[in-house]
Amino acid sequence: MHRLLFALDPEEAHELTLRLLSFWSERGPMLEVPAKLLRVEDSRLEVEAFGLRFPNPLGLAAGMDKNARALGAWWALGFGFAEVGTLTPRPQEGNPRPRLFRLVEDHALINRMGFNNQGAEEAARRLKRFRERGLRFPVGVNLGKNRDTPLEGAAEDYQRALQVLEPYGDYFVLNVSSPNTPGLRTLQEGPFLDELLSRLRPVTRKPLLLKVAPDLTFEALDEAVELCLKHGLEGLVAVNTTLERPNLKSSLATEAGGLSGRPLKERALEVLRHLSGVEGLTLVSVGGVEGPEDVWERLKLGARLVQVYTGFVYGGPLFPRRVLKGLLKLMEVEGVRSLEEIWAPRR
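Under full-length UniProt numbering, the first residue of the sequence shown is numbered 1, with each subsequent residue one higher.
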C-alpha cells in the first residue's frame, strides 16, 4: 500500500491516506487490535514535558493532519502525541496546486501548501469528539493567521483561533515561521513577536510554544528565546521547513516552498545545539528525523520531544514502532533505564 501511494501525486496520496485513517479513527473498537500490535507501551519511554505526560517522545509534526481528522489512527500507529494544524481562524484554500513535491533522491519534500485548512471551528468540533472518546494521548494545536490578514491584524487572528480551540488542545504552538504565507516570518522579529506574545499569553494557561525557522541567525534565535521567557512561554519547536536548498539531487529542487526531510537534518541539529543550554524552555526537535539514532541524538542534546513528518512519509506505517523499538535498544546499550535519566544532570 505504501509503495502504491508513491505512484500517486503527492497531495492525492496524502488525501487518500487521511481519508482511510479518518474512517479508521471514527470507529473506536477497530483501533484496539492494531494498537496492541503497533504501539510500544513501555514505561522507560515515558516523558514529562511542560506539565504533560507523554507515553513516548515521538510525535507527529504539524502539517500531516491539519484538520484533526485522524487522531485515533495516530494513537493506534504508536505515536506518543500528535500536533494538528496549522489552523487559521477562518477556513482557507491555500496556494494553487501543485504545491507538494517528493524529492525521492534526497529523501525530502518541498511544500508550499499555504495553511490550507477548514478553520478553527471545524477542528474544534473534531477535537471535542476525540476528547469525548477518552483516549489518553496528548494533542498539540498549531496556530497561524489567514493569508489575507495584514500583519497589523495578525495578533487578532491568532487570538481568535486560540480562543476557539483552547478547550480541546493540550498545548498550543504559534507558527510564525512558515515560508508559505507572505510576510508571516516578519512576526519572528522582535517588535512584532513581542506584541504577539503579549496578546496571546493571557488567553490560555495551557502550555504555549513558539515554532521557529531554521533560517534564523543565532542572534535572532536568541532574541526569540528572550521574548519567550519574558512572556512566560513553555517551549520552542525547532525547526520549521527551510528556504535553503543544500546540495539537492532532485530535478524538483528549484520548486518554491519549504524544504523538509534529510537535507534539513544538519541545520536542525545546529539549532538544537545552540538552544540546548537555554533554561526555562522545553525543546521540541523536528527536521530530518529518519530513525531511532536521530531521536536518541536529539534527546541527548536536550530535546524532550521529537517530531517527524517527512521521515514518516518515507518510512511508512511501521515507522513509529520501528523507531521506538530501536530507541529502547539504544537505551539498553548505554545502560539508560528511563529517558528521564538523560536529562537528570540538566535539572
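Where is the CB? At the ideal position from N, CA and C, for every residue including glycine.
Review point. Are there 16 or more other CB atoms within 10 angstroms of the CB of Gly59, so buried, or fewer, so exposed?
Key: buried
Check your understanding: Beta-carbon separation of Arg273 and Thr242 under 8 Å?
Key -> no
Exercise for review: Could you pull out every residue in the same chain whose Cβ sits closer than 7 Å to the Cβ of Arg346, ignoring the five residues on either side in sequence?
Suggested key: At Arg346, the pLDDT of 47 sits below 50, so the modelled position is not reliable and the matter cannot be decided from this model.
Review point. Taking 7 Å as the cut-off, does the CB of Thr86 come closer than this to any heavy atom belonging to the ligand PLP?
Key: In the structure shown, the ligand PLP is absent, as is every other ligand, since no ligand is present at all.
Exercise for review: Following the continuous alpha helix (DSSP H) through Gly144, name the residue where it begins and the one where it ends.
Suggested key: Unbroken run through Gly144: none, as it is neither H nor E.
Review point. Are there three or more Cβ pairs, one per stretch, closer than 8 Å when the segment 81 to 88 is compared with the segment 52 to 68?
Key: Yes, the segment 81 to 88 touches the segment 52 to 68.
Check your understanding: Between which two residues does the alpha helix (DSSP H) carrying Tyr171 extend?
Key -> In the DSSP annotation of this structure, Tyr171 is not part of any alpha helix (DSSP H); the continuous beta strand (DSSP E) holding it starts and ends at Tyr171 to Asn175.
Practice item. In angstroms with no decimal places, state the Cα-to-Cα distance between Arg90 and Gly119. Key: 5 Å
Point to revise | Terminal residues of the alpha helix (DSSP H) in which Gly326 lies | key: Annotation for Gly326: the continuous alpha helix (DSSP H) segment containing it runs Phe319 to Val333.
Exercise for review: Grab the span of the beta strand (DSSP E) containing Val306 for me, first residue to last.
Suggested key: Leu305 to Val308
**Study point:** Cβ neighbours of Thr310 in the same chain (closer than 6 Å, five flanking residues each side left out)
**Key:** Leu109, Ser260 and Gly261
Practice item. With Leu21 as the anchor, note down where its beta strand (DSSP E) starts and where it stops. Key: Careful: Leu21 lies outside any beta strand (DSSP E), inside the alpha helix (DSSP H) at Pro10 to Ser25.
Point to revise | Nonlocal neighbours in the same chain, by C-beta distance under 6 Å from Asn142, ignoring five residues either side | key: Closer than 6 Å at Cβ, skipping near neighbours: Ala62, Glu83, Gly85, Thr86, Val173 and Asn175.
Check your understanding: According to the neighbour-count rule (16 or more other Cβ atoms, all chains shown, within 10 Å of its Cβ), is Ser251 buried or exposed?
Key -> exposed
Exercise for review: Enumerate in chain order the residues of its own chain whose CB-to-CB distance from Pro179 is below 6 Å, with the five nearest sequence positions on each side excluded.
Suggested key: Leu243 and Gly258
Practice item. Could you tell me which uninterrupted alpha helix (DSSP H) segments, each at least 4 residues in length, are contained entirely in the segment 273 to 317, listed from first to last along the chain? Key: 292 to 300 and 310 to 315
Practice item. On the DSSP bridge assignment, give the partners of Lys211 in chain order. Key: Asn175 and Val237
Exercise for review: State the start and end residues of the unbroken beta strand (DSSP E) segment that holds Ala108.
Suggested key: Unbroken beta strand (DSSP E) run through Ala108: Ala108 to Asn111.
Practice item. Would you mind listing the alpha helix (DSSP H) stretches within the segment 40 to 84 that are 4+ residues and don't spill past its ends, in chain order? Key: 71 to 77
Check your understanding: Per DSSP, what kind of secondary structure is Gln163 in: helix, strand or coil?
Key -> helix
Point to revise | Spatial neighbours of Gly94 in its chain, beta-carbon cut-off 7 Å, leaving aside the 5 residues before and after | key: Taking C-beta separations shorter than 7 Å and ignoring five residues to either side along the sequence, the partners of Gly94 in its chain run Met113, Gly114, Phe115 and Asn116, following chain order.
Point to revise | CA-to-CA distance, Leu197 to Leu229, given in whole angstroms | key: Using only the alpha carbons, I get a separation of about 10 Å.
Exercise for review: Identify whether Phe101 lies in helix, strand or coil by the three-state DSSP scheme.
Suggested key: Collapsing the DSSP output to three states places Phe101 in a strand.
Review point. Looking at C-beta atoms only, is the number of pairs between the segment 157 to 170 and the segment 123 to 134 that lie closer than 8 Å three or more?
Key: yes
Check your understanding: How long is the line joining the alpha carbons of Leu37 and Thr282, rounded to whole angstroms?
Key -> 31 Å
Point to revise | Alpha-carbon to alpha-carbon, Arg136 and Pro55 | key: Each residue's alpha carbon lies about 9 Å from the other.
Check your understanding: What is the C-beta distance between Glu234 and Phe50, in whole angstroms, given that I count them as a contact (C-beta under 8 Å)?
Key -> 4 Å between Cβ atoms; contact.
Practice item. Put Gly153 into one of helix, strand or coil per three-state DSSP. Key: helix
**Study point:** Cα-Cα separation, Phe312 to Asp42
**Key:** Computed Cα separation, rounded: 21 Å.
Point to revise | Buried or exposed (CB count within 10 angstroms, at least 16 for buried), Phe23 | key: exposed
Practice item. Go ahead and label Arg304 buried or exposed: buried means 16 or more other beta carbons lie within 10 angstroms of its beta carbon, across all protein chains shown. Key: buried
Review point. Which residues in the same chain as Glu223 place their Cβ atom closer than 6 Å to its Cβ, once the five residues preceding and following it in sequence are excluded?
Key: Cβ neighbours of Glu223 beyond the five flanking positions: Gly190.
Point to revise | Leu259 - DSSP class collapsed to helix/strand/coil | key: strand
Practice item. Count the other C-beta atoms from every protein chain shown that fall within 10 angstroms of the C-beta of Leu20, then say buried if there are 16 or more, exposed otherwise. Key: Of the other Cβ atoms in all chains shown, fewer than 16 fall within 10 Å of the Cβ of Leu20; this residue is therefore exposed.
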